[in-house]
Structures are given as structure tokens and as C-alpha cells.
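Participant: Residue numbers (my numbering), protein chains in the order written: chain E, 204 to 559; chain S, 204 to 559. Glycine included, every Cβ here is placed at the ideal spot set by N, Cα and C. Fair warning: this is a prediction, and the values are worked out from it, not measured in the lab.
Number of protein chains: 2
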Amino acid sequence: MSLPEPVRPEPGAFLLEEIREQPAALRRLLAHEAEFADVAAAARRSGRTLVRLVAHGSSDNAASYGVYAFGLLPGWTALRDSISLTVYSGARLDLTGSCVLALSQSGQTPDVVDYVQRARAAGALTVAVTNDPDSELGQAAEAVLPLAAGPERSIAATKTYSSSVAALALLAAHASGRSREFADGIARVADLIDEALPALEGRVGELAVTFAYVGRMFVIGRGTELPTAREVALKLLETCRVAAEPMTATAFAHGPVAALDALFPVWAVAARDENLAAVAEAVARARAAGAGVVATGSAAAELDATYRLPTPEPPLPLLSPLLSILPGQLFAWALARAKGLDPDRPQRLAKVTLAR
Amino acid sequence: MSLPEPVRPEPGAFLLEEIREQPAALRRLLAHEAEFADVAAAARRSGRTLVRLVAHGSSDNAASYGVYAFGLLPGWTALRDSISLTVYSGARLDLTGSCVLALSQSGQTPDVVDYVQRARAAGALTVAVTNDPDSELGQAAEAVLPLAAGPERSIAATKTYSSSVAALALLAAHASGRSREFADGIARVADLIDEALPALEGRVGELAVTFAYVGRMFVIGRGTELPTAREVALKLLETCRVAAEPMTATAFAHGPVAALDALFPVWAVAARDENLAAVAEAVARARAAGAGVVATGSAAAELDATYRLPTPEPPLPLLSPLLSILPGQLFAWALARAKGLDPDRPQRLAKVTLAR
Chain E
204 MSLPEPVRPE
214 PGAFLLEEIR
224 EQPAALRRLL
234 AHEAEFADVA
244 AAARRSGRTL
254 VRLVAHGSSD
264 NAASYGVYAF
274 GLLPGWTALR
284 DSISLTVYSG
294 ARLDLTGSCV
304 LALSQSGQTP
314 DVVDYVQRAR
324 AAGALTVAVT
334 NDPDSELGQA
344 AEAVLPLAAG
354 PERSIAATKT
364 YSSSVAALAL
374 LAAHASGRSR
384 EFADGIARVA
394 DLIDEALPAL
404 EGRVGELAVT
414 FAYVGRMFVI
424 GRGTELPTAR
434 EVALKLLETC
444 RVAAEPMTAT
454 AFAHGPVAAL
464 DALFPVWAVA
474 ARDENLAAVA
484 EAVARARAAG
494 AGVVATGSAA
504 AELDATYRLP
514 TPEPPLPLLS
524 PLLSILPGQL
534 FAWALARAKG
544 LDPDRPQRLA
554 KVTLAR
Chain S
204 MSLPEPVRPE
214 PGAFLLEEIR
224 EQPAALRRLL
234 AHEAEFADVA
244 AAARRSGRTL
254 VRLVAHGSSD
264 NAASYGVYAF
274 GLLPGWTALR
284 DSISLTVYSG
294 ARLDLTGSCV
304 LALSQSGQTP
314 DVVDYVQRAR
324 AAGALTVAVT
334 NDPDSELGQA
344 AEAVLPLAAG
354 PERSIAATKT
364 YSSSVAALAL
374 LAAHASGRSR
384 EFADGIARVA
394 DLIDEALPAL
404 EGRVGELAVT
414 FAYVGRMFVI
424 GRGTELPTAR
434 EVALKLLETC
444 RVAAEPMTAT
454 AFAHGPVAAL
464 DALFPVWAVA
474 ARDENLAAVA
484 EAVARARAAG
494 AGVVATGSAA
504 AELDATYRLP
514 TPEPPLPLLS
524 PLLSILPGQL
534 FAWALARAKG
544 LDPDRPQRLA
554 KVTLAR
């Protein structure tokens, strides 16, 4: 007697399921708050407050959020460190005052593991932020912060991205004595995602049809929304084969604006914060160039856009990226399907990237 | 009696002239070595050795070279700091151990000036790297390192980019007691550029015809050649309206490789160094996806590319970017002309960008 063939899910079924699982993943992350408190206390106690973030891909996009979270909460300098400088070129930096946060969903990224081993030997406090605490990365680091997002089966990361962002927010909040406020805020964001998803899922389908033949896009954000712009661009690249390039509103004005025309639309991420004026100016310049603009984020309604996918107001401004990523994730899912691609299995990619 | 109409130069005449002026600009920079020695000594003496680089556009691409120059020579941590974090979001970071290097060709970039004023008040050593020492930026900073590149009339920067890279190399060399070696090396590079340009100028014309209808490209580099990749991509965006996105060889493997096809070529920058294997692997993956590849840099001949534009071996590995940028600058000039665009005056751009 042979077993029945396993049901092959509809293309994109994993991606959509994992986008929807984000609130549950955030709630599971909050169950690990004690570990975040321990790491924050260890960094503060030992004065290792220069935060070096190392990661690739979606984890690196999440890492770029750390620059803002640590800068705005405890006032620590955080940087996305060059992995090649240390691991391949053998630079000898003084790491005694550093806290390394190494982000990897799988915990298997070879040069991130290598970086952590070297940094730990050189006196840094090393912390793995991973969905697999038993991984090589988890074992290499002195401390582990589990993402607890559950298995991610789509090759394009979604819930592990947002849980990585939330993990950095929670750690920075613990480092600055504002843990209660941020834990409550993340819990509230989980509810807001649940409320917002059904309407957004409906909207992205129409938009995807309009964009089915788009070959290139700019994705613009600034400040805490630059990580969102980076992650939206990567989703469009990997699942939809669109040449989507992320940039700040200011970088856009320093050259790329010259490339725009009616076939080169712009995705803008705008929160109601001190960066809104710059993003609005970039959108106005894009429109003047004849480019279509999709405005997303809590301030989407305030932009002169062709299409708007607004997201809920966050309970704390720093948590805005957990909401503003949703339209981009859903749009990538819908556009891939409109193009006849399987967003769960982009060509030439595997879930764990071992390239060095 | 009326004066004759001024002769309007051929489109791209300024850009080509300024590409050719790079050796002369590098020699003029070396005449200011004493100022570089002073700044390096001041940073070392006061222990302000966390290097914060702030800039936009081509100057920001040059700034990214500082990560490698300071990391590999004196072993100092250098980071491209977020301007928005400090200037717009008001983060209060401890800057007492920091040396700020603010790069701006014009010295007028508003938020770079603003950043320097705040950083100086907060106790950082502030240094302007600019082509106009009398500019607002030059006045705001405690010390000025003049680029001495001479007036740059094309909107797309070329000689101020390479002189900014050389300035960072020279400063890092002074900070590490290797000034003689690097000053001699830069002088030798100036000669090598003079020797290499005529043949390269001839080659880019044929290649430009082949690429006249290309709408998107990836530009791949790693380590010290990542700044080169960033700058080549910006030249293609602003002068040729190609959606060119720069990335490391590793980032390429973590997603973007999925987007490639025969209409989506890759520009690779490869030096004969510890990053060559990773760049070669990226090129092989691009070729397997059906993409055409243009290989440039001193190791161009070692890549399995469709086209090769090799550049001379640098006298010191760290100086490689001063040579490997040449094919990209010349190709942008030639491609813009092949497309009927004026590379000296890209649409929607001005020489001095005042966007904040």
C-alpha cells in the first residue's frame, strides 16, 4: 500500500501564511524577554556599547534598524560592520568595547559564524539573534536571543525579518530602561497587524495587475523606515525579479532622480515623523518626472501618490517598521503571482545561503 | 559691438576632460600632505579614533572606502554614520572619542554642515574634506583637508570622487606611520592612470553600442572595491538612466541573483586580492543565469566574463580603487553619448544638491 502523494501547496501559500503568522511570532518573541534583559545588562555592565551588527540578506536589512533603535534609545553607536574587512582581509580592530549582534535566521551563514568566533576571541560580547538557537551561530556566540518565529518555509523571509526588527527594538529598550513600554508596544503592534492584514491583502491584488510589466523601481525611506525600504526592495528583487533599489530620500535627490520616467515607478515608505518632509519632497520630484508612486506607511495619506497603501499608526514611533513592511511583503506576494512566478521558490535561491 | 556667443562644448566634454584630469588632481592633493599629517596626529593624540564618515552621493561612495582604509591601516573602526539620526531625529550619541570626516565637493551640502556643527559642539574632532576650503563646511569644521582637484564642471563627479578616495587613503596612511609608502603609491597611480586612459577610452565606445538598450544592471564589488561598485552604479544611474544597483558579491547571492536574465547584465569589479574568489563565484552565477558580464579591475582577466576592461596592477592593494574606477567612469560617458544624452547635464540634477 503506497502513501498518497503529498499535496503541493499553491505557489506563494507559504509566503502568505508566514506574513499572516507575524503577530503570533511577535508574541512568542515577547515570551523570551528575560533573555533580552540579561544581554542588555551584560553590555551595559561591561561597557561594551559600540554595537556591531553583522548579517546578510533580510537579516542585514533588519540589522540596519539597529542603527536607529540603539541610537535613539540608549544613545549607543551601532553600525553594520563589514564582514569582509575582518573575516577575509584580516583587519585587526579593537573590539574590547564592542557588542556584536549577529543576525541569521538559520544560524548557518558561514562568514557570520566566522566573524563571531573572531570577535569573541578578540574580547567582544557576542550575541546571536537567530531562529535556531542550537545552530552553529548559536553555539559560537556567548549569548543567544531566540527569534522563536517558528519554521519559515518560504525562501523569501517575512516573519523572521519582522521578529529580528522587534528583537533589536526590545534589546535597545532594555538597554535604556524602557522595556515595559516597548514590550507593551510590540504586543499592541501584533494586534494591529491582525486587524490591518485582511484589507491590505485585498488591495495588493489590484495593484499587482497594474505593475505586472514593471522592470525597475526605486524604494525610498529614511530614518527608521530605511530598513523597510531595503527589505521591500529585496522582496521585489527575489520574488518578482524587479530591479528594485532602496535608498534614502536624500540619496535619491543626489543622482538617481535623473533616471526616472513613466516606466520607472517609486515605492515610498513614510511615517508621520521628522523624515516625512524629505520623503514628501522625493515623492513630489518623482511625480514631476512622470513616475508613478506607491505610498505606504502611516503617513501614506499625506503624500501626493498615484496609489496609497496606508498602515496603522504605531503605538511608539520606533515600532513603525513592524507595520510599514506589510504592504511591501503582500505586494511582493501578489506581484509574483500576477507574473506567474512562485514566490515561495525563487529561481537560483535556497533557504540557507552558504555563499561566503 | 556684441561679443561672440560662447562655444557650447560637445555633450560630455567636461566629463571626459575631468576624467583625464584625475592624475593631475592626485598630484595636487599630495602637495597638501602636511595638512593630512596634522589631522592624523591630532586624532591619534586625542584618542578620537572612532571615524564617522558623513556625505551624500559620490562623496558618500568615497566615504565608504574609509571603512577599509582606516580598518586596514591604523586598525580604527570607521563607519558611514546616519546623518538623519543625529540631524533630524536628534539622537544624542557620545562623540567624545570620535573623529568626524565630512566629505562634500562643494562644501555646501546642508545636512552635512549641520551634522558637523552638532558633532563639533558635542566634542568630536571635525574635519572637512572638500574641494572648497572656504565653503560653509570648511568653516564649520575644526580642520580642513582640501581636495585641490580644481573646478569640476560636469554635474557627475569624477575627479573629486577619486581625490576623496585618495584623501582617505593618505589620512589613514599618516595615522598608521605608512605615509611615505602611500604618498609614493598615489604618485605612481597618477602615472598609471595617464598610461591606461587612452586604451580604455578606445574600448568603452564599442561596449557602449552593445549596451545602448540596457535598462538595468547590477554592479558587484567587495571589500575595497565595494566603493568602486557604488560609484560606477551612481554614474550609470545619473548619466545613462540605467537602474544600476551596487552590491557585494555576498549580498548578490542572498537574493538579487534570482532577478537576473539575459536582459539584465552585471558589471563586476575584481582586484587580485582576498575577495577575488567571491567575485568570481558571483560572476559564474550571473553567467549561469544567462546574464552578460563586464569584468573590470586588475583581476578582470581572471573572470569568466563576456567583456573585459582590465586596469593596471596598483602599487599597493589599498590603492586599487583609484584605477578600477576608470572603466566605469569612461563607460558612463560613452554610454550616455550612445543614448543621445548629455552626461555633463543629467536631467533634474544640479551640481550642488541642497535637498535635505
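(1) Note down, in chain order, every chain E residue with its Cβ under 9 Å from the Cβ of Gly426/S.
(2) Assign Gly500/E to one of three DSSP states: helix, strand, or coil.
(3) Can you have a look at Thr361/E and say buried or exposed, based on whether 16 or more other CB atoms are within 10 angstroms of its CB?
(4) For Glu236/E versus Ala432/E, is the C-beta distance shorter than 8 Å?
(5) Counting only beta-carbon atoms, is Asp335/E nearer than 8 Å to chain S?
(6) Is DSSP giving Ile396/E helix, strand or coil here?
(7) Enumerate in chain order the residues of its own chain whose CB-to-CB distance from Lys176/E is below 7 Å, with the five nearest sequence positions on each side excluded.
(8) Out of Leu304/E, Phe273/E, Thr289/E and Ile358/E, state which residue places its alpha-carbon closest to the alpha-carbon of Leu218/E.
(9) Enumerate in chain order the residues of its own chain whose CB-to-CB distance from Pro214/E is below 6 Å, with the five nearest sequence positions on each side excluded.
(10) Along the chain, where does the alpha helix (DSSP H) containing Leu435/S start, and where does it finish?
(11) Are the beta-carbon atoms belonging to Arg248/E and Ser267/E less than 8 Å from one another?
(12) Could you compute how far the alpha carbon of His377/S sits from the alpha carbon of Asp547/E?
(13) For chain S, find out if any of its Cβ atoms is closer than 8 Å to the Cβ of Glu477/E; answer yes or no.
(14) Quick one: which unbroken alpha helix (DSSP H) runs of 4-plus residues sit fully inside the segment 260-311 of chain E? Chain order, please.
(15) Answer yes or no: do Leu522/E and Arg381/E have a C-beta to C-beta separation smaller than 8 Å?
(16) Name the chain E residues whose beta carbon is nearer than 8 Å to that of Val460/S?
(17) Which whole runs of the beta strand (DSSP E) in the segment 466-494 of chain E are 3 residues long or more, in chain order?
(18) Under 6 Å Cβ to Cβ from Ala481/S, same chain only, skipping five residues before and after it: list those, please.
(19) Would the segment 389-405 of chain E and the segment 324-343 of chain E be scored as touching if the rule is three or more Cβ pairs under 8 Å?
(20) Using a threshold of 8 Å, state whether the C-beta atoms of Val497/E and Glu428/E are closer than that.
(21) Can you name the residues of chain E whose CB is closer than 7 Å to the CB of Thr556/S?
(22) Which whole-angstrom value describes the C-beta separation of Ser366/E and Leu229/E, a residue pair presumed to lie in contact below a C-beta threshold of 8 Å?
(23) So what does DSSP say about Phe455/S, is it helix, strand or coil?
(24) Against chain S, does Asp297/E count as a neighbour if the rule is that its beta carbon must be under 8 Å from one of theirs?
(25) What would DSSP say about Arg559/S, mapped onto helix, strand or coil?
(26) Alpha carbon to alpha carbon, how far is Ala492/S from Val316/E?
(27) In chain S, what lies closer than 9 Å to Tyr271/E by C-beta?
(28) When you compare only the Cα positions, how much space is there between Val561/E and Gly495/E?
(29) Suppose you measure from the CA of Ala281/S to the CA of Gly388/S; what does that come to, to the nearest Å?
(30) Return helix, strand or coil for Arg419/E, following the three-state DSSP convention.
(31) Could you tell me which chain S residues have their CB closer than 7 Å to the CB of His377/E, listed as they occur along the chain?
(32) Distance check for Ser309/E and Ala558/E, CA to CA, integer angstroms please.
(33) Could you give the uninterrupted runs of the beta strand (DSSP E) lying entirely in the segment 507-541 of chain S, keeping only those of 3 residues or more?
(34) Check the Cβ of Arg419/E against every Cβ in chain S and list those closer than 7 Å, keeping chain order.
(35) Taking C-alpha atoms, which residue in Leu529/E, Val435/E, Glu516/E and Ala272/E lies nearest to Leu373/E?
(36) With distances taken Cα to Cα, identify the nearest neighbour of Ser379/S among Ala346/S, Ala243/S and Pro212/S.
Facilitator: According to the structure shown:
(1) Below the 9 Å Cβ cutoff, chain E contributes Ser285, Ser287, Leu288, Tyr291 and Ser292 as neighbours of Gly426/S, in chain order.
(2) Here Gly500/E carries a strand assignment [DSSP, helix/strand/coil].
(3) Buried, by the Cβ-count rule.
(4) Note that the C-beta distance between Glu236/E and Ala432/E is not below 8 Å.
(5) No, Asp335/E does not count as interfacial toward chain S.
(6) It is helical.
(7) Given that chain E is displayed from residue 204 to residue 559, the structure contains no residue 176/E and the question cannot be resolved.
(8) When only C-alpha atoms are compared, the closest one is Ile358/E.
(9) Close CB contacts of Pro214/E within its chain, under the 6 Å cut and outside five residues either way in sequence, are with Asp545 (chain order).
(10) Reading off the sequence shown, one finds Val at residue 435/S, where the question assumed Leu. Where Val435/S is concerned, the enclosing alpha helix (DSSP H) stretches over Leu429 to Cys443.
(11) No; because the gap between Cβ atoms is not below 8 Å, this pair is not in contact.
(12) The straight-line gap from Cα to Cα measures roughly 51 Å.
(13) Yes, because at least one Cβ of chain S sits closer than 8 Å to the Cβ of Glu477/E.
(14) Here the runs fully enclosed are 260-275 and 286-290.
(15) Against a cut-off of 8 Å, the Cβ pair of Arg381/E and Leu522/E comes out as no contact.
(16) Ordered by position in chain E, the residues that pass the 8 Å Cβ test against Val460/S are Arg551 and Leu552.
(17) Whole beta strand (DSSP E) segments, 3+ residues: 469-472.
(18) Take Ala481/S, set aside five residues on each side of it, and the residues of its chain with a beta-carbon closer than 6 Å to its own are Arg425 and Ala452, in chain order.
(19) No: the two stretches stay apart, fewer than three of their Cβ pairs being nearer than 8 Å.
(20) No, the pair does not count as a contact, with Cβ atoms beyond the cut-off.
(21) Ordered by position in chain E, the residues that pass the 7 Å Cβ test against Thr556/S are Ala456 and His457.
(22) Yes, Ser366/E and Leu229/E are in contact; Cβ-Cβ is about 6 Å, under 8 Å.
(23) Looking at Phe455/S - three-state DSSP - the assignment turns out to be helix.
(24) Cβ-Cβ to chain S under 8 Å: yes for Asp297/E.
(25) Residue state, collapsed to three classes: coil.
(26) Just so you know, the alpha carbons of Ala492/S and Val316/E end up roughly 29 Å apart.
(27) Residues of chain S whose Cβ lies closer than 9 Å to the Cβ of Tyr271/E are, in chain order, Ser285, Ser287, Leu288, Ser292 and Ala294.
(28) This structure cannot speak to residue 561/E, because chain E is shown only from 204 to 559.
(29) Looking at the backbone, the Cα of Ala281/S and that of Gly388/S are separated by about 22 Å.
(30) Strand.
(31) For His377/E, there are no neighbours in chain S by C-beta distance under 7 Å, as the nearest C-beta there is about 18 Å away.
(32) For Ala558/E and Ser309/E, the distance between alpha carbons rounds to 14 Å.
(33) Runs of beta strand (DSSP E) with 3 or more residues, each lying fully within the segment 507-541 of chain S, are found at 510-513, listed in chain order.
(34) Near Arg419/E (Cβ distances below 7 Å), the residues of chain S are Gly418, Arg419 and Ala446.
(35) Closest option to Leu373/E, judged by alpha-carbon separation, among Leu529/E, Val435/E, Glu516/E and Ala272/E: Ala272/E.
(36) It is Ala243/S whose Cα lies nearest to the Cα of Ser379/S.
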